[in-house]
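Chains A and B are the protein sequences, given in the same order.
Residue numbering for the first sequence follows the working numbering, starting at 621 and increasing by one per position.
Residue numbering for the second sequence follows the working numbering, starting at 44 and increasing by one per position.
Reading through the structure tokens given below for one structure.
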Amino acid sequence: TSTQARMQDFFKAI
Amino acid sequence: MLEARLEQAAVLKKVVDAIKDLVQDCNFDCNDSGIQLQAMDNSHVALVAMHLKTDAFSPYRCDRNIALGINLASLQKVLRAAQNDDLLTLKAEDAPDVLNLVFESAENDRIAEYDIKLMDIDQEHLGIPDTEYAATVTMPSSEFQRICRDLNALSESVSIEAAKEGIKFSCQGDIGSGAVTLRQNNNVEKPDLSTIIELNEPVGLTFSLKYLVNFCKASSLSNTVKLSLSAEVPLLIEYKMESGYVRFYLAPKIGD
């Protein structure tokens, strides 16, 4: 969902 | 190897109680800064980050970085065998199959020893950006818990508005609506009862109460909770411990 996408955007994978 | 002793088993018991309904399996990363964990919930809209710093332990020894892959339900089962004021020692080898937990009663000579099987968890490490929030509100954790529980009886979501005068929690549901406002107040005699608002600009966001009620299980960790809000970024909810913290992040609901 777009909510999940926004979380992924905020927390960048290292 | 890892050897870390907590003066009070209650600290770890409370941490596990606070996060076990959000996350099932996660890595406890042990290194020279202490023990940390970071995990997203299954639906990927919430994140929990925990840090028990080395000062939380005495002694603390960790020669190299160790990831302890733990099923939290299993850990909770074992921790139930510990009294709150037992000394709790965590031990693990450098490439461990098990985590060893020793509970020592301060009052008598009882020593209990348990091993938990560890699991390989391939967990993504996420970077949590330093964020300048529009508003940061510190309030009693019991008050926050009460508000979330009360409003959850009416609605699935809550609107949180922070302004200079106070913080307002409001909801609308099928049976009606509700709102609770806490005015900014500085209680000099009992600082934990204060509501302190640091405001850069007023902000209003909507969140799922199901998650907030879940986060409130951490209330026993701290008398106060800090909410940090900014438009379009996840809400940060922090419970500070004496030597560490549990932080929850929650994505705001869209369309407001």
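All C-beta atoms, glycine included, are put in the ideal place defined by N, C-alpha and C.
These numbers come from a predicted model, not from an experiment.
9 Å Cβ cut-off: residues of chain A touching residue i
i, result
"A110 of chain B", "What A110 of chain B touches in chain A: nothing, since even the nearest Cβ is about 14 Å away."
"V276 of chain B", "R626, F630"
"I239 of chain B", "Ordered by position in chain A, no residue passes the 9 Å Cβ test against I239 of chain B, which lies about 25 Å from the chain."
Same chain, Cβ closer than 6 Å to residue i, five either side skipped, listed in chain order
i, result
"Y292 of chain B", "L90, P277, L279"
"L255 of chain B", "C191"
"F258 of chain B", "I280, F291"
Same chain, Cβ closer than 7 Å to residue i, neighbours up to 5 away in sequence not counted
i, result
"K283 of chain B", "S265"
"D75 of chain B", "C105"
beta-carbon residue i near the ligand GDP non-hydrogen atom, thresh 7 Å
i, result
"K211 of chain B", "In terms of ligand content, the structure shown is empty, and the ligand GDP therefore cannot be addressed."
Contact check, residue i vs residue j, beta carbons under 8 Å
i, j, result
"R48 of chain B", "L115 of chain B", "no"
"L197 of chain B", "I218 of chain B", "yes"
"I113 of chain B", "L169 of chain B", "no"
"A205 of chain B", "A222 of chain B", "no"
"L252 of chain B", "E199 of chain B", "yes"
"V201 of chain B", "T249 of chain B", "yes"
"L133 of chain B", "I159 of chain B", "no"
"V289 of chain B", "I62 of chain B", "yes"
Burial state of residue i, where buried means 16 or more other Cβ atoms lie within 10 Å
i, result
"A138 of chain B", "exposed"
"I297 of chain B", "exposed"
"T181 of chain B", "buried"
"A149 of chain B", "exposed"
Partners in chain A for residue i, counting only beta-carbon separations shorter than 8 Å
i, result
"V245 of chain B", "What sits at residue 245 of chain B in the sequence shown is Pro, not Val. Under the 8 Å cutoff, chain A gives no residues; its nearest Cβ is about 21 Å from P245 of chain B."
"A177 of chain B", "The premise fails here: A177 of chain B is roughly 15 Å from chain A at the closest Cβ pair, so nothing lies under 8 Å."
"I62 of chain B", "Result: empty, since nearest Cβ-Cβ is about 17 Å, beyond 8 Å."
Interface partners of residue i on chain A, CB under 7 Å
i, result
"V88 of chain B", "T623, Q624, M627"
"A82 of chain B", "The premise fails here: A82 of chain B is roughly 11 Å from chain A at the closest Cβ pair, so nothing lies under 7 Å."
"I297 of chain B", "S622, T623"
"A196 of chain B", "What A196 of chain B touches in chain A: nothing, since even the nearest Cβ is about 24 Å away."
Cβ neighbours of residue i in the same chain (closer than 8 Å, five flanking residues each side left out)
i, result
"R104 of chain B", "M44, L45, E46, A47"
Contact between the segment 90 to 99 of chain B and the segment 111 to 127 of chain B (3+ Cβ pairs under 8 Å): no
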